[in-house]
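Please read the structure below before turning to the comments.
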Amino acid sequence: MLPPLRYTKNLFLRALCIVYLFAFVSFYIQTPGLYGDKGILPARSLLENSKHKTLSAKIHYQPTLLWLATSLGLDINYALDVLSLLGSFLAFSGFVSQKLCTLPLFAGLWSLYFSIYQVGQVFVASNYDELLLEVGFVTLLVAPLLPGKRRGSKGSPNDGIKLWLLKWLLFRYLVTSGLAKLISGCPKWWSLTAFDYHFQSMPLPSPLSWYSHHIPEWILKLTNVYVNVAEIALPFLFFVPLRSVRITGFVFQIFLQICIVLTGNFNFCNLLVVTLLISLLDDQFFYGKKKSSDASYLGNIANILIHGALFYGVVTLYSLKIEGSIVESKIAFTKDNFEFAVKYGISFALYYGLSTLAITILASLTDTLFDNRSLLQRLGSFLKTFVLSIIVLMVFFASTVPFTSLHSTTNSTIHPTLRTTYNRLHKMRLINQYILFPKMSGVDGRSEIILEGSDNLDGPWVEYNFLYKPGNVNHSLPFVAPYSPRLDWQMYWAAYSTYDKQPWLLSLTHRLLSGTPEVLVLLDRQHSPFVKKPPKYIRGVLYKYKYTPWNQKSQSNWWTRTRQNEYFPAFSKDSPSLVEYLKARNLIPTAPKDVPNPIWKLILDKIRYMASHLEATLLLWSVFTAGCAVITTSGKSK
Numbered sequence: 001m002l003p004p005l006r007y008t009k010n011l012f013l014r015a016l017c018i019v020y021l022f023a024f025v026s027f028y029i030q031t032p033g034l035y036g037d038k039g040i041l042p043a044r045s046l047l048e049n050s051k052h053k054t055l056s057a058k059i060h061y062q063p064t065l066l067w068l069a070t071s072l073g074l075d076i077n078y079a080l081d082v083l084s085l086l087g088s089f090l091a092f093s094g095f096v097s098q099k100l101c102t103l104p105l106f107a108g109l110w111s112l113y114f115s116i117y118q119v120g121q122v123f124v125a126s127n128y129d130e131l132l133l134e135v136g137f138v139t140l141l142v143a144p145l146l147p148g149k150r151r152g153s154k155g156s157p158n159d160g161i162k163l164w165l166l167k168w169l170l171f172r173y174l175v176t177s178g179l180a181k182l183i184s185g186c187p188k189w190w191s192l193t194a195f196d197y198h199f200q201s202m203p204l205p206s207p208l209s210w211y212s213h214h215i216p217e218w219i220l221k222l223t224n225v226y227v228n229v230a231e232i233a234l235p236f237l238f239f240v241p242l243r244s245v246r247i248t249g250f251v252f253q254i255f256l257q258i259c260i261v262l263t264g265n266f267n268f269c270n271l272l273v274v275t276l277l278i279s280l281l282d283d284q285f286f287y288g289k290k291k292s293s294d295a296s297y298l299g300n301i302a303n304i305l306i307h308g309a310l311f312y313g314v315v316t317l318y319s320l321k322i323e324g325s326i327v328e329s330k331i332a333f334t335k336d337n338f339e340f341a342v343k344y345g346i347s348f349a350l351y352y353g354l355s356t357l358a359i360t361i362l363a364s365l366t367d368t369l370f371d372n373r374s375l376l377q378r379l380g381s382f383l384k385t386f387v388l389s390i391i392v393l394m395v396f397f398a399s400t401v402p403f404t405s406l407h408s409t410t411n412s413t414i415h416p417t418l419r420t421t422y423n424r425l426h427k428m429r430l431i432n433q434y435i436l437f438p439k440m441s442g443v444d445g446r447s448e449i450i451l452e453g454s455d456n457l458d459g460p461w462v463e464y465n466f467l468y469k470p471g472n473v474n475h476s477l478p479f480v481a482p483y484s485p486r487l488d489w490q491m492y493w494a495a496y497s498t499y500d501k502q503p504w505l506l507s508l509t510h511r512l513l514s515g516t517p518e519v520l521v522l523l524d525r526q527h528s529p530f531v532k533k534p535p536k537y538i539r540g541v542l543y544k545y546k547y548t549p550w551n552q553k554s555q556s557n558w559w560t561r562t563r564q565n566e567y568f569p570a571f572s573k574d575s576p577s578l579v580e581y582l583k584a585r586n587l588i589p590t591a592p593k594d595v596p597n598p599i600w601k602l603i604l605d606k607i608r609y610m611a612s613h614l615e616a617t618l619l620l621w622s623v624f625t626a627g628c629a630v631i632t633t634s635g636k637s638k
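Residues 1 to 638 (UniProt numbering) make up the sequence shown, in order.
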């Protein structure tokens, strides 16, 4: 018999609504500057590239609800606002009311987010958007069709199958991320010194990143060991049929996610992982009374033995030794040993996952047959569970494609039909592959592009300041998550490429030369000398940034930087090379062809005006706090 999971499932659904809420509000704040007609990558320009005439052909070319904008009396700019606001409203509704956490609501959330994602271009190139879309897809199988009546304290017999699929997604995400670090052959991950550079070189450091960077090296090495174990080994315990083992795994993973949130800004990604971690729990974790039985005692003993064996393996594989007041660590296995383990470990993971899914399905089907309801109700519940099982099995087999592709041997065993199915599902971002930071960059300092403006080619050149990325060496960086500052995030990746391969960066330069207000909002206007009048020229300069040493923190500077070279030459607004480059990519702003309905325009402009008076992270937390207030008030009224 499966444990009660109704409360666990409901908590997961409401937590996912919170993630969606942060994601949609983040998009809404940045839409004009990123995707508006005067934005960096206008969505209208992208859609106009379609040569298709019929609506069905356009949707096939670029599946997004934005094609319906003109039918609703909107242009693309205001349609993006509507999608973001509607998504925020639906997510807020699910957050404050459990009854609204149904299949139609989550289908709407997924459709709206996918529609925006389709025009997101380079600013949605990170894995966290794809992870949200895949979680959203799986949630369509988890959420109830209608609010209905509560079916006892246990919930539905097939809840175990639904939550198993969430655990499998979490397993894939963590294990793939962990394996990729060592598969890449990066010497920093193999020498356990990656965290000597990680806090300095991450895309958006937090205020605690500087302090984390200066933690003693032996502790940073142990941190590396913990991350490897938490991402590669511990996820295998998610499917162990012992409650105490899963709860222990939950605690270990929550600790890791809290550390990541405190030491770095990774948008809503960590909150989404925490949401998935809820699937490791059951209802007894939240409100159940402690049961002192022989089974629970045996479970606790088994839990100690399992984690004791795991600890022994970690001590052996990482040569952990106490030397005086420190713990020494180093990888004791070779790359050949690791490749052998990966080759057979991936195959084991697939059979292991399939067997635990089969056991969960059989347990769920058994529950439906021995339920205390009428024969007709039991038969209906059995059929629903059987159909759900078939769908979950199909999703499982399709998800094995990106997982087995981690190794060449297992990748060659994938059946062509299975690969085709995965490719079709991946096109809709229903199943994805997650490889995060496989190689440690910024070993010799983080590269940063600094945009400088001037009215004369001979200078003086004055810097543009961004809100959330390193720039002024005297400024610490704020806590940003779960807000997603997509421009600041993408500036980090651009520094490791060349400017001619970054059309959006030259488009940003052109908008700054034009003094476009929608784009200036995305930068630090309080410390910018070009708010009232744009400069005549802008150039990009590449710098190497490093944290100041620990003994120099008494001074005001957090960073030291060294000028490397010119990233791109000085451009004026009318520079022929810049204009031609942008024209070739349809990135020169043009007048909109569609005139929005004046009533729509008035309402949406009012909402935008009110939202613009709050800083982005403050707006996010204000909306979240309002939701908490609604929940508290409604709870008291009951």
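Built from N, CA and C at the ideal position, the CB exists for glycine as well.
Keeping to the same chain, check which residues put their C-beta closer than 7 angstroms to that of I414; ignore five residues upstream and five downstream. Sequence index remark: in the sequence shown, residue 414 carries index 414 (1-based). Around I414: V401, T404.
Proximity of Y483 and S26 at Cβ, strictly below 8 angstroms: Mapped onto the sequence shown, residue 483 falls at position 483. Mapped onto the sequence shown, residue 26 falls at position 26. Taking 8 angstroms as the Cβ cut-off, Y483 and S26 qualify as a contacting pair.
DSSP three-state label for A341, please. Counting from one through the sequence shown, the residue named residue 341 turns up at place 341. If DSSP states are grouped into helix, strand and coil, A341 belongs with the helices.
Between Y113 and L132, is the Cβ-Cβ spacing less than 8 angstroms? If you number the sequence shown from 1, residue 113 lands on position 113. If you number the sequence shown from 1, residue 132 lands on position 132. It is a contact, given that the beta carbons lie within the stated cut-off.
Assign G185 to one of two classes, buried (16 or more other C-beta atoms within 10 Å of its C-beta) or exposed (fewer than that). As a first step, residue 185 is located in the sequence shown; it is residue number 185 there, counting from the start. It counts as exposed.
In the DSSP output, which residue or residues are listed as bridge partners for W559? If you number the sequence shown from 1, residue 559 lands on position 559. According to DSSP, W559 bridges with Y547.
Restricting to runs no shorter than 4 residues, where is the alpha helix (DSSP H) found entirely within the region 269 to 317? 269 to 277, 283 to 287, 294 to 317
Just to check my reading of the structure: G299 and S244 have Cβ atoms closer than 8 angstroms, yes? What is that Cβ distance to the nearest angstrom? Your numbering for residue 299 matches position 299 in the sequence shown. Your numbering for residue 244 matches position 244 in the sequence shown. About 5 angstroms; that satisfies the 8 angstroms criterion.
Smallest Cα separation from R378: which of P157, A15, G136, V135? Position 378 of the sequence shown, counted from the first residue, corresponds to residue 378. When each option's Cα is compared against that of R378, the closest is P157.
Just the C-alpha distance for R585 and Y61, rounded to the nearest angstrom, thanks. Working through the sequence shown from its first residue, we reach residue 585 at position 585. Working through the sequence shown from its first residue, we reach residue 61 at position 61. Rounded to whole angstroms, R585 to Y61 spans 18 angstroms at the Cα level.
Between the beta-carbon of Q121 and the beta-carbon of L41, is there less than 8 angstroms? Taking the sequence shown and counting its residues from 1, one reaches residue 121 at position 121. Taking the sequence shown and counting its residues from 1, one reaches residue 41 at position 41. Closer than 8 angstroms, so yes.
Look up A494 in the DSSP assignment and say whether it is helix, strand or coil. As a first step, residue 494 is located in the sequence shown; it is residue number 494 there, counting from the start. Here A494 sits in helix by DSSP.
So what does DSSP say about F466, is it helix, strand or coil? One-based indexing of the sequence shown puts residue 466 at position 466. The answer is strand: DSSP assigns F466 an E or B state.
Identify, in the order they occur along the chain, each residue of the same chain with its Cβ nearer than 8 angstroms to the Cβ of N411, setting aside the five sequence neighbours on each side. Start at 1 with the first residue of the sequence shown, and residue 411 comes out as number 411. Result list for N411: T404, S405, in chain order.
Are the beta-carbon atoms belonging to F268 and V595 less than 8 angstroms from one another? Counting from one through the sequence shown, the residue named residue 268 turns up at place 268. Counting from one through the sequence shown, the residue named residue 595 turns up at place 595. Their beta carbons are not under 8 angstroms apart, which means F268 does not touch V595 by this criterion.
Residue ranges of each alpha helix (DSSP H) run of no fewer than 4 residues wholly in the region 169 to 222, ordered along the chain? 187 to 190, 195 to 201, 209 to 213
From K427, L34, I29, pick the residue whose C-alpha is nearest to that of H613; which is it? On the sequence shown, residue 613 is found 613 positions in, with the first residue counted as 1. Nearest option by C-alpha distance: I29.
Whole-angstrom Cβ separation of S177 and L436, contact assumed at under 8 angstroms? Sequence index remark: in the sequence shown, residue 177 carries index 177 (1-based). Sequence index remark: in the sequence shown, residue 436 carries index 436 (1-based). Contact holds; Cβ gap of about 5 angstroms.
Should S88 be counted as a contact of the ligand GTP given a C-beta to heavy atom distance under 7 angstroms? Looking for the ligand GTP in the displayed structure turns up nothing, as the structure carries no ligands at all.
Name the two residues that bound the continuous beta strand (DSSP E) containing E323. Here residue 323 refers to the residue found at position 323 of the sequence shown. Residues 321 to 323.
Candidates L362, P534, R539, L619: which alpha carbon is nearest F22's? One-based indexing of the sequence shown puts residue 22 at position 22. The option with the nearest alpha carbon to F22 is L619.
Since L513 and I538 are thought to touch, with beta carbons under 8 angstroms apart, how far apart are those beta carbons, to the nearest angstrom? Numbered from its first residue, the sequence shown carries residue 513 at position 513. Numbered from its first residue, the sequence shown carries residue 538 at position 538. 6 angstroms between Cβ atoms; contact.
Cβ neighbour criterion (16 or more within 10 Å) applied to M428: Stepping through the sequence shown from its first residue, residue 428 is reached at position 428. By the neighbour-count rule (16 or more Cβ atoms within 10 Å), M428 is not buried but exposed.
CA-CA distance, A494 and F195? Along the sequence shown, read from residue 1 onward, the residue named residue 494 stands at position 494. Along the sequence shown, read from residue 1 onward, the residue named residue 195 stands at position 195. Between A494 and F195, the C-alpha separation is close to 22 angstroms.
Any alpha helix (DSSP H) of 4 or more consecutive residues that is wholly inside the region 89 to 156: 103 to 117, 127 to 142
Residues near L55 by beta carbon distance below 7 angstroms, same chain, minus five either side: Looking up residue 55 in the sequence shown gives position 55. If we look at L55 and ignore the five residues flanking it on each side, its Cβ neighbours are W67.
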